[in-house]
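Colleague: Numbered as in this note's numbering, the sequence shown ends at 735 without a single skipped number.
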Amino acid sequence: MGMSVTISAATEQDAEQIFRLQYLCFQSEAALYANYRIDPLVQTLDSVREEVAADCVFVARLGDEVVGSVRGRVTEDGAASIGKLCVHPRLQGHGIGARLLRAAESALVEERGAKRFRLHTGHRSEGNLRLYRRVGYQTVGTAEGTDGVPMIVLEKPAETYATTA
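1) Which residues in the same chain as E586 place their Cβ atom closer than 6 Å to its Cβ, once the five residues preceding and following it in sequence are excluded?
2) So, is Q708 buried or exposed, given that buried needs 16 or more other C-beta atoms within 10 angstroms?
3) When you compare only the Cα positions, how much space is there between L699 and S617?
4) For a minimum of 3 consecutive residues, which ranges assigned as the beta strand (DSSP E) are wholly contained in the region 604-643?
5) How about V627 and A580: do their beta carbons lie closer than 9 Å?
6) According to DSSP, is G697 helix, strand or coil?
7) Between R607 and A728, what straight-line distance do the alpha-carbon atoms span, to the nearest angstrom?
8) Between the alpha carbons of Q583 and E635, how many angstroms are there, rounded?
9) With DSSP as the reference, identify every bridge partner of L724, one or two as the case may be.
10) Below 8 Å on the Cβ atoms is my guess for R590 versus E621; work out the distance and round it to an integer in Å.
11) Measure the C-alpha to C-alpha separation of Y702 and S676 and round it to an integer number of angstroms.
12) Leaving aside the five residues before and after N605 along the sequence, list all residues of the same chain whose C-beta is less than 8 Å from its C-beta, in chain order.
13) For L655, report the span of its beta strand (DSSP E) as first-last.
14) Per DSSP, which residues does S574 bridge with? Please list them.
15) With a threshold of 7 Å on Cβ separation, who are the neighbours of K685 within its own chain once the five nearest residues in sequence on each side are excluded?
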């Protein structure tokens with residue numbers, strides 16, 4: 571490859587690349603559920619721009635190309651909701667997703683006072699579940715996504731982010 575992947579906070583200029591990457595990455599999730607109306611595929615570019623401006627958003631870069639992204643925000647109950655973690659298909663399996671998670675977790679605790687982390691993934695998304703469990707998340711329940719996909723809800727206490735970093 572010749573270059574290393576760097577993780578940094580997303581900027582307004584990253585929104586369009588995040589939008590395109592998200593659309594590419596979530597095609598495989600949509601195929602798992604035979605549902606191409608899942609939330610990440612129907613989100614608008616303006617909505618992504620709003621999230622980049624308001625939320626805790628990190629990107630993985632290979633040179634100038636955004637090859638990974640994750641978003642997080644602290645909810646009313648003090649939990650950090652982490653979502654839309656994605657890594658370009660050609661770079662999956664190299665630890666970039668875990669690095670993005672660690673960056674988001676760290677910022678959500680240090681900058682926004684998160685007490686615990688919460689995320690969800692589709693019940694058939696075995697690769698995602700393996701990653702989340704490997705970095706300390708545990709299943710706490712189930713839910714149905716707004717797109718009708720059955721979801722597994724996972725959490726971990728904020729104190730544990732340092733041990734997985």
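By construction, the Cβ of each residue, glycine as well, lies at the ideal position given by its N, Cα and C atoms.
Modeller: Here's the rundown:
1) Nothing meets the Cβ criterion.
2) Its Cβ having fewer than 16 others within 10 Å, Q708 is exposed.
3) The C-alpha of S617 is placed about 26 Å away from the C-alpha of L699.
4) Counting only runs of 3 or more, we get 626-632.
5) Yes, the Cβ-Cβ distance between V627 and A580 is below 9 Å.
6) In the structure shown, G697 adopts helical secondary structure according to DSSP, grouped into three states.
7) If you take the alpha carbons of R607 and A728, they lie about 32 Å apart.
8) When only Cα atoms are considered, Q583 and E635 end up about 12 Å apart.
9) Looking at the DSSP assignment, L724 forms a beta bridge with L689, T709.
10) The C-beta separation of R590 from E621 comes to about 15 Å, leaving the pair out of contact by the 8 Å criterion.
11) Approximately 16 Å, taken between the alpha carbons.
12) So the list reads D717, G718, V719, once near-sequence residues are dropped.
13) Note, L655: beta strand (DSSP E), 649-657.
14) According to DSSP, S574 bridges with nothing at all.
15) Hits under 7 Å: G648, A649, A728.
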